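Chains as they are written, first to last, in my numbering: chain A, 641 to 846; chain B, 641 to 846. Below is one structure, written out as structure tokens; comments come after it.
2 protein chains.
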Amino acid sequence: MQIAVLLFDRFTALDAVGPYEVLSRLPEANTVFVAERPGPVTNDMGTLTLVAAASFEEITLPDVVVVPGGPGQVEQSAGGPLVDWLRTVDPTTTWTTSVCTGALILGAAGLLEGRRATTHWLATDRLPTYGAIHSADRVVTDGKYVTAAGVSAGIDMALTLAAEIAGVEIAKGLQLLIEYDPQPPFDAGSVQSAPSSVVAALRARL
Amino acid sequence: MQIAVLLFDRFTALDAVGPYEVLSRLPEANTVFVAERPGPVTNDMGTLTLVAAASFEEITLPDVVVVPGGPGQVEQSAGGPLVDWLRTVDPTTTWTTSVCTGALILGAAGLLEGRRATTHWLATDRLPTYGAIHSADRVVTDGKYVTAAGVSAGIDMALTLAAEIAGVEIAKGLQLLIEYDPQPPFDAGSVQSAPSSVVAALRARL
Chain A
641 MQIAVLLFDR FTALDAVGPY EVLSRLPEAN TVFVAERPGP VTNDMGTLTL VAAASFEEIT
701 LPDVVVVPGG PGQVEQSAGG PLVDWLRTVD PTTTWTTSVC TGALILGAAG LLEGRRATTH
761 WLATDRLPTY GAIHSADRVV TDGKYVTAAG VSAGIDMALT LAAEIAGVEI AKGLQLLIEY
821 DPQPPFDAGS VQSAPSSVVA ALRARL
Chain B
641 MQIAVLLFDR FTALDAVGPY EVLSRLPEAN TVFVAERPGP VTNDMGTLTL VAAASFEEIT
701 LPDVVVVPGG PGQVEQSAGG PLVDWLRTVD PTTTWTTSVC TGALILGAAG LLEGRRATTH
761 WLATDRLPTY GAIHSADRVV TDGKYVTAAG VSAGIDMALT LAAEIAGVEI AKGLQLLIEY
821 DPQPPFDAGS VQSAPSSVVA ALRARL
């Protein structure tokens with residue numbers, strides 16, 4: 641089972657690495673970081689560089705595709721090699737997935753037309769642009785398309801997907817392996833729970 | 641404020657990238673991935689390569705140090721440049737932290753003597769080897785030493801630390817930015833909650 645995790649300039653690191661940490665540990669997983677060109681790809685903060693092991697040309701039949709988000713999504717969604725590659729490989733994937741604003745890249749590739757989906761809370765109003773219907777769930781499955789909310793939601797998505805792919809027992813084993821028993825020190829992870837001052841400050845800044 | 645995230649061969653990616661995603665977004669954070677030598681460092685699965693931007697020699701006065709864990713910890717804890725570097729920089733850090741079995745590297749550097757600490761659930765019995773006292777909390781703060789439980793616990797640790805460094809309002813903003821409103825599909829993230837069959841399988845395998 642080949643799992644392709646996409647990389648592009650100014651991606652958000654945890655969008656990619658969260659799901660990677662779970663999915664790469666599935667039995668028989670063959671995980672590969674893919675980008676337009678093999679080699680270093682730097683994240684949105686400019687301080688983390690991941691190495692893409694393969695180019696789009698080299699990966700033609702991935703079983704699972706994971707598309708992260710991040711500020712670089714804007715450039716990717718405008719069209720180009722990544723969106724073209726997604727259109728090419730999607731017909732033969734078992735699961736096509738995204739985290740955060742990676743959903744907008746799936747949308748730009750035409751893959752979310754008429755489908756329920758989610759994305760980072762600051763970007764949900766962009767989903768209808770691509771014919772997608774926003775669902776308020778943290779992880780949204782519509783057929784073989786699985787989209788997750790912002791950044792850290794990719795971990796929840798990956799565990800959901802792990803159970804679909806390998807069964808609940810394996811998924812629970814992966815959850816225990818990464819000791820995913822979350823205890824956030826604050827209750828501020830959603831627009832509903834965060835103080836309105838915090839929500840307003842982020843909306844103003846981004 | 642310089643934040644140094646350590647890398648070494650066969651580290652666990654999420655141990656490093658979880659805290660990085662939060663801490664690198666703190667106001668005035670200057671985050672750098674550090675290793676014995678600058679350049680590519682490959683993780684425990686062999687399929688993710690991060691680039692270290694600086695060598696130990698180049699980073700002499702970090703304010704915050706984050707030590708990830710992973711199978712490569714065994715080699716590091718046996719002694720060598722990483723442990724030597726930790727001993728050298730620790731006296732001037734504001735916070736010295738670890739995720740997962742990174743705590744055992746702090747221990748090997750002699751930094752957890754007489755301190756409360758935690759690590760991955762499979763490694764807690766190793767803490768006393770270094771004079772540390774295991775605490776059952778997910779994030780353990782003893783003075784300027786902050787240790788987190790396995791892998792994903794680094795996110796909870798980083799939010800705790802973000803509040804200490806920049807205040808609760810900023811920390812809540814970062815939690816909302818990464819939409820950290822965890823909803824694991826299963827309740828299997830701790831030895832207490834996971835089915836005993838799952839715990840036994842992991843103990844047998846690792």
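Just so you know, even glycine gets a beta-carbon here, dropped at the ideal spot from N, CA and C. Remember, it's a predicted structure, so these values are computed and weren't measured experimentally.
Are the beta-carbon atoms of residue i and residue j separated by less than 8 Å?
{"i": "residue 814 (chain B)", "j": "residue 677 (chain B)", "result": "no"}
{"i": "residue 727 (chain A)", "j": "residue 749 (chain A)", "result": "yes"}
{"i": "residue 735 (chain A)", "j": "residue 801 (chain A)", "result": "yes"}
{"i": "residue 842 (chain B)", "j": "residue 842 (chain A)", "result": "no"}
{"i": "residue 757 (chain B)", "j": "residue 774 (chain B)", "result": "yes"}
{"i": "residue 682 (chain B)", "j": "residue 655 (chain B)", "result": "no"}
{"i": "residue 723 (chain A)", "j": "residue 700 (chain A)", "result": "no"}
{"i": "residue 659 (chain B)", "j": "residue 691 (chain B)", "result": "no"}
{"i": "residue 647 (chain A)", "j": "residue 675 (chain A)", "result": "yes"}
{"i": "residue 849 (chain B)", "j": "residue 704 (chain B)", "result": "No information on residue 849 (chain B) is available, as it lies outside the stretch 641 to 846 that chain B covers here."}
{"i": "residue 803 (chain A)", "j": "residue 825 (chain B)", "result": "yes"}
{"i": "residue 782 (chain A)", "j": "residue 755 (chain A)", "result": "yes"}
{"i": "residue 661 (chain B)", "j": "residue 791 (chain A)", "result": "yes"}
{"i": "residue 657 (chain B)", "j": "residue 714 (chain A)", "result": "no"}
Determine the chain B residues that contact residue i at a beta-carbon separation under 7 Å, and present them in chain order.
{"i": "residue 823 (chain A)", "result": "778 and 796"}
{"i": "residue 648 (chain A)", "result": "Ordered by position in chain B, no residue passes the 7 Å Cβ test against residue 648 (chain A), which lies about 16 Å from the chain."}
{"i": "residue 793 (chain A)", "result": "819"}
Give me whichever residues DSSP pairs with residue i in a beta bridge.
{"i": "residue 756 (chain A)", "result": "A:773"}
{"i": "residue 680 (chain B)", "result": "B:691"}
{"i": "residue 785 (chain B)", "result": "B:736 and B:782"}
{"i": "residue 642 (chain B)", "result": "B:670"}
{"i": "residue 705 (chain A)", "result": "A:644 and A:736"}
{"i": "residue 651 (chain A)", "result": "A:683"}
{"i": "residue 675 (chain A)", "result": "A:695"}
So which residues on chain A does residue i lean against when the C-beta distance must stay under 8 Å?
{"i": "residue 760 (chain B)", "result": "819"}
{"i": "residue 815 (chain B)", "result": "824, 826, 828, 829 and 834"}
{"i": "residue 680 (chain B)", "result": "691"}
Mind checking if residue i is an interface residue toward chain D, Cβ cutoff 8 Å exclusive?
{"i": "residue 799 (chain A)", "result": "Looking for chain D here will not work: the only protein chains present are A and B."}
Using a C-beta to C-beta distance shorter than 8 Å, which residues of chain B count as neighbours of residue i?
{"i": "residue 690 (chain A)", "result": "688, 689, 690 and 691"}
{"i": "residue 790 (chain A)", "result": "817, 818 and 819"}
{"i": "residue 738 (chain A)", "result": "Simply none; closest approach about 14 Å."}
{"i": "residue 664 (chain A)", "result": "685, 687 and 688"}
At a CB-CB cut-off below 9 Å, which residues of chain A make contact with residue i?
{"i": "residue 787 (chain B)", "result": "Simply none; closest approach about 13 Å."}
{"i": "residue 671 (chain B)", "result": "685, 687 and 688"}
{"i": "residue 809 (chain B)", "result": "835, 837, 838 and 841"}
{"i": "residue 676 (chain B)", "result": "Those within 9 Å of residue 676 (chain B) in chain A number zero; the least Cβ separation is about 17 Å."}
Given that residue i touches chain A, what residues does it touch there, using C-beta distances under 7 Å?
{"i": "residue 842 (chain B)", "result": "813, 816 and 817"}
{"i": "residue 658 (chain B)", "result": "654"}
{"i": "residue 753 (chain B)", "result": "In chain order: nothing, as chain A lies at least about 25 Å away."}
For residue i, which residues in chain B fall below 9 Å Cβ to Cβ?
{"i": "residue 803 (chain A)", "result": "825 and 826"}
{"i": "residue 668 (chain A)", "result": "Going along chain B, no residue has its Cβ under 9 Å from residue 668 (chain A), so there is no contact; the nearest lies around 13 Å."}
Hey, residue i and residue j are a contact pair by Cβ (cut 8 Å); roughly how many whole angstroms apart?
{"i": "residue 743 (chain A)", "j": "residue 787 (chain A)", "result": "5 Å"}
{"i": "residue 771 (chain A)", "j": "residue 739 (chain A)", "result": "Rounded, the Cβ-Cβ distance is 20 Å, inconsistent with contact."}
{"i": "residue 829 (chain B)", "j": "residue 821 (chain A)", "result": "3 Å"}
{"i": "residue 653 (chain A)", "j": "residue 688 (chain A)", "result": "5 Å"}
{"i": "residue 702 (chain A)", "j": "residue 642 (chain A)", "result": "5 Å"}
{"i": "residue 763 (chain B)", "j": "residue 741 (chain B)", "result": "5 Å"}
{"i": "residue 718 (chain B)", "j": "residue 761 (chain B)", "result": "Actually they do not touch by this definition, with Cβ atoms about 22 Å apart."}
{"i": "residue 767 (chain A)", "j": "residue 759 (chain A)", "result": "6 Å"}
{"i": "residue 836 (chain A)", "j": "residue 827 (chain A)", "result": "Not a contact, Cβ separation roughly 14 Å."}
{"i": "residue 847 (chain A)", "j": "residue 784 (chain B)", "result": "The structure shown does not extend to residue 847 (chain A), since chain A is modelled only from 641 to 846, so the question has no answer here."}
{"i": "residue 844 (chain B)", "j": "residue 667 (chain B)", "result": "Between residue 667 (chain B) and residue 844 (chain B) the Cβ distance is about 46 Å, and since that is not below 8 Å, they are no contact."}
| field | Near-chain A residues of the segment 692–726 of chain B - C-beta to any C-beta below 8 Å | value | 693
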